[in-house]
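Novice: Protein chains in written order, with our numbering: chain A, 158 to 484; chain B, 1048 to 1350; chain C, 157 to 419. Ideal placement from N, C-alpha and C gives every residue a C-beta, glycine not left out.
(1) Quick one, are the C-beta atoms of residue 332 of chain C and residue 324 of chain C less than 8 Å apart?
(2) Do you know offhand how far residue 413 of chain C's Cα is from residue 395 of chain C's?
(3) List, from N- to C-terminal side, the alpha helix (DSSP H) runs of 4 residues or more that fit wholly inside the stretch 1202-1273 of chain B.
(4) Is residue 425 of chain A near residue 339 of chain A, with beta carbons less than 8 Å apart?
(5) Determine the DSSP secondary structure at residue 1159 of chain B, reduced to helix, strand or coil.
(6) How about residue 1151 of chain B: is its C-beta nearer than 8 Å to some C-beta of chain A?
(7) Specify the secondary structure class of residue 250 of chain A as computed by DSSP and reduced to three states.
(8) Any beta-carbon of chain A closer than 8 Å to the one on residue 1157 of chain B?
(9) Closer than 8 Å by C-beta to residue 1197 of chain B: which residues in its own chain qualify, once you throw out the five before and the five after it? Chain order, please.
(10) Step through the CB atoms of chain B and report whether any lies within less than 8 Å of the CB of residue 475 of chain A.
(11) In this structure, does DSSP put residue 218 of chain C in helix, strand or coil?
(12) Compile a chain-ordered list of the residues in the stretch 1311-1338 of chain B whose CB is closer than 7 Å to at least one CB of chain A.
(13) What is the rounded straight-line gap between the Cα of residue 1317 of chain B and the Cα of residue 385 of chain A?
(14) Find the residues of chain A that neighbour residue 274 of chain C, judging by a C-beta separation of less than 7 Å, and give them in chain order.
(15) Relative to chain A, which residues along the stretch 1265-1285 of chain B have a C-beta separation below 9 Å, given in chain order?
(16) Any contact of the stretch 376-384 of chain A with the stretch 218-235 of chain A, i.e. 3+ C-beta pairs under 8 Å?
(17) Can you give me the start and stop residues for the beta strand (DSSP E) that residue 191 of chain C sits inside?
(18) Among B/1138, B/1128, B/1057, B/1261, which one has its Cα closest to the Cα of residue 1248 of chain B?
(19) Is it the case that the stretch 1173-1183 of chain B contacts the stretch 1096-1113 of chain B, given that we only count it when at least three CB pairs across the two stretches are under 8 Å?
(20) Quick check: the Cα distance between residue 322 of chain C and residue 176 of chain C, rounded to an integer number of angstroms?
(21) Would residue 162 of chain C pass as a contact of residue 244 of chain C if the rule is Cβ separation under 8 Å?
(22) I want to verify the contact list: residues of chain C whose CB lies under 9 Å from the CB of residue 229 of chain A, in sequence order.
(23) Could you tell me the alpha carbon to alpha carbon distance between residue 458 of chain A and residue 1077 of chain B, rounded to whole angstroms?
(24) Would the beta-carbon of residue 363 of chain C fall within 8 Å of that of residue 357 of chain C?
(25) Hey, out of B/1135, B/1267, B/1165, whose CA is closest to residue 1200 of chain B's CA?
(26) Could you have a look at residue 379 of chain C and say whether DSSP puts it in helix, strand or coil?
(27) On the DSSP bridge assignment, give the partners of residue 224 of chain C in chain order.
(28) Please list, in chain order, the chain A residues whose beta carbon lies closer than 9 Å to that of residue 1229 of chain B.
(29) Can you list, in chain order, the residues of its chain with a C-beta nearer than 7 Å to that of residue 313 of chain A? Leave out the 5 residues immediately preceding and following it.
(30) Residues in the same chain with beta-carbon distance under 6 Å from residue 202 of chain A, minus the five sequence neighbours each way, listed in chain order, please.
(31) Name the residues in the stretch 1163-1184 of chain B whose C-beta lies less than 9 Å from a C-beta of chain A; which are they?
(32) Please list, in chain order, the chain A residues whose beta carbon lies closer than 9 Å to that of residue 284 of chain C.
(33) Under a three-way DSSP split, which group does residue 335 of chain C fall into?
(34) Could you give the DSSP three-state label for residue 393 of chain C: helix, strand or coil?
(35) Does the beta-carbon of residue 1212 of chain B have 16 or more other beta-carbons within 10 angstroms, so that it is buried, or is it exposed?
(36) Beta carbon of residue 169 of chain C, beta carbon of residue 208 of chain C: below 8 Å?
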């Protein structure tokens, strides 16, 4: 394991990180057998949002592209699964890669005209995109999307004869996907491509001057992020057995955005932590349920003040903050 | 032809709403390069404050100032309340975070937006609240089949007057020059002795205040308000801002007009359900082909 | 061969909405030389750099490198062909370590793709090690080894300029375009930089230099081209340019010859 940061913090020791990983894995695997059905469900949602967050992390965290319409890719994946399964009978599990591909394909198509846009403008375009997708889904063109009621009756996925039905089943499914994606993304992070993404985030012009094909790499990031969201869409559709436009609102995109920023841009464990926080937050505040989002809004602002690098920042972001916080 | 004129009038009315809100976005963005996501919710706050004044202070103020006095009081209260809220938000959620970076500031703005809309829900409840007819200037003029609501006339007049004043302020006064200077180059403006804080306070007071007035008007026009209205209007007004060129103040007004007309025409001629899609699609096309907006934004990066 | 022209611009013109920044500019850089481009502020020197490296497209004219036209190529493609540059104000990747910054130079020649990176195939691992090794080598050569794990934003300005140079060199360029490399450096840093640049042709790197510091220009250059208002006004060896009245006038205005008399 090579690395490029200072060997200062205790968590930098290789064995410590490995031990930590083992413990986390053990907890993750044993959790559903010791918790109630309700909490396993919560665990599922943490995994789902972690998957969504990881996808957005590539776009926003690694490359620095402001994407506030990530829910649109999620929706595309979910609806692909729903429509192809309900109307054409294609098995749900087989649609897992299909959903990812459709979402990724749409991302590729739509990125072409917008990929060169500057930060804030890209932000707005993605917001508009998210809304357009949601509105199109509501308006039910060609009777395909089922309008505001969506599509119902999605079949459960079947792996080698075993039907994935209970919260525990879905918990393991989503976390397995999260694990694979996290691993793949981590390898990318440490490669030439991952560094190139970061160069683009730091200074696009300098990156281009240093031989980084900025346009292609931005496209790649969008496509990858969308693919992850597509996977999440398939799993979500399979769990809920129905999809409707209400699940894919701008607020969801905001939540995903917040997950990446809360956890720390470009940080994979941070994103997972961010997902946990975002999902658990309403649970903790359940007693004052109607005020939950109120506190969440405040918490967002507060976190940005106290931990602008996120709660589990990438190593170098941590050093940056420990150094000086000047512009 | 008749439908066209009717839609034109409707469109212009809606334009005024968007223009009011768009100005707030533009002002703040021009000065701080920050998209104040909470702005739309401040507009919603204005609508609610107006409602509260009308419903609860009816007895007290109504007997002293009469019906029109009550209405004016409602507007004033809404404007003051949102100006105060705007200043508070700036002081608490933006000023400490802005030096850290733009991305944390954006997230903070998002947080404030979520906070505000839920605050409205918490205080006034999640259901739609009705602006009662007693408080809405009623009546209309009928010219053949063409109907003009007095309210629409009021809205259009107010927007012309207020926006005109603002335009004059920004383009023709010294303070306006200060605002424009800060928008162009903050540090140099400060070096030239311009009180940057004063300009910020102006933006965060004036913008929301205008939004509040629009909020009360919207309540009157559509007869009901809801805590989510801020977000919908905010997003569309933001579209208007972009159309006119973000950071450009006359542009915000132009953008508002364009957007209102586009929306009304689409709703009238194509379909009400698809009007929003058209609006957002227009936004995207605009950004792809003419990102500086119709009146242009001064963007340049020296390599 | 010393006389071979490696990089040239032929009649390039660059306009910005009515302002002509570069006007029918010809430049020929010969292999193995250090060629300086000088001129008063605003003469268009950086614009010429930006045209050569593909950041700007010229309204007219051609950029030719090793016999091939570069017009229309994007900056990263131009780097791949062998032309690297530094910027007037260092454009480093501020929140990344110095080592990571210099490793950027290795990006363009890397071949490992998406799947190779995810699966960590042997050739990808080898390539990663090679990129890192070369980056470390350049850090050592420029005296930045101590800062290798430090964030680029935290190192002193002089070192930042050296870092940018290291980054450009790590890309194994044939031609290096340096935009005011000694700007902002103190005297001893200037000398270090100067000596280092002077050693580059021996390593097979041709240098095109924009500079304001006359000592550096006179001391290093094999050939000097002088620009003003976007046009070439003089060209020659340091001695020829130094005494050229047109050049003197461009920098100092008329009636100032006495200031040069002592040189």
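Specialist: The relevant details are as follows:
(1) Yes; because the gap between Cβ atoms is below 8 Å, this pair is in contact.
(2) With a pLDDT of 46 at residue 413 of chain C, under the threshold of 50, the modelled position of that residue is not reliable, and the figure given next carries that caveat. Between the C-alpha atoms of residue 413 of chain C and residue 395 of chain C there is a straight-line separation of about 16 Å.
(3) Segments of the alpha helix (DSSP H) lying fully in the stretch 1202-1273 of chain B: 1221-1231, 1233-1238, 1243-1269.
(4) When the beta-carbon positions are compared, residue 425 of chain A and residue 339 of chain A come within less than 8 Å of each other.
(5) Helix at residue 1159 of chain B.
(6) Taking 8 Å as the CB threshold, residue 1151 of chain B lines the interface with chain A.
(7) In the structure shown, residue 250 of chain A sits in coil (DSSP, three-state: anything other than H, G, I, E or B).
(8) Taking a beta-carbon distance threshold of 8 Å, residue 1157 of chain B counts as an interface residue toward chain A.
(9) Within the same chain, residue 1197 of chain B has close Cβ partners 1184, 1185, 1186, 1187, 1188.
(10) Note that residue 475 of chain A scores 46 on pLDDT, short of 50, meaning its location in the model is unreliable and no value can be drawn from it.
(11) Taken through DSSP and simplified to helix, strand or coil, residue 218 of chain C comes out as strand.
(12) Of all residues in the stretch 1311-1338 of chain B, 1320, 1321, 1323, 1324, 1327, 1328, 1330, 1331, 1334, 1335, 1338 have a Cβ within less than 7 Å of some Cβ in chain A.
(13) Counting only the Cα atoms, residue 385 of chain A lies some 36 Å from residue 1317 of chain B.
(14) Per Cβ cutoff of 7 Å: 341, 344, 345.
(15) Only those residues of the stretch 1265-1285 of chain B whose C-beta falls short of 9 Å from the nearest C-beta of chain A are listed: 1278, 1282, 1285.
(16) These segments touch.
(17) Looking at the DSSP string, the run of the beta strand (DSSP E) that includes residue 191 of chain C is 190-194.
(18) The shortest C-alpha separation from residue 1248 of chain B is found at B/1138.
(19) The stretch 1096-1113 of chain B makes contact with the stretch 1173-1183 of chain B; the number of CB pairs closer than 8 Å reaches 3 or more.
(20) When rounded, the distance between both Cα atoms is 33 Å.
(21) Contact: no.
(22) Simply none; closest approach about 24 Å.
(23) Distance from the CA of residue 458 of chain A to the CA of residue 1077 of chain B, rounded to the nearest whole angstrom, comes to 22 Å.
(24) Judged by their CB atoms, residue 363 of chain C and residue 357 of chain C are nearer to each other than the 8 Å cut-off.
(25) When only C-alpha atoms are compared, the closest one is B/1267.
(26) The DSSP-derived three-state label of residue 379 of chain C is strand.
(27) Paired residues: C/221.
(28) Those do not exist, as residue 1229 of chain B stays about 17 Å from chain A at its closest Cβ, beyond 9 Å.
(29) If we look at residue 313 of chain A and ignore the five residues flanking it on each side, its Cβ neighbours are 249, 320, 321, 322, 395.
(30) Excluding residues up to 5 positions away in sequence, 436 lie with their Cβ nearer than 6 Å to the Cβ of residue 202 of chain A in the same chain.
(31) From the stretch 1163-1184 of chain B, only 1163, 1164, 1165, 1166, 1168, 1169, 1173 have a Cβ closer than 9 Å to chain A.
(32) Chain-ordered, the chain A residues with CB closer than 9 Å to the CB of residue 284 of chain C read 159, 347, 348, 349.
(33) Residue 335 of chain C sits in a strand when the DSSP states are folded into three classes.
(34) The answer is coil: DSSP assigns residue 393 of chain C none of H, G, I, E or B.
(35) By the 10 Å Cβ count, residue 1212 of chain B comes out exposed.
(36) Pairing residue 169 of chain C with residue 208 of chain C gives a Cβ-Cβ distance that is not under 8 Å.
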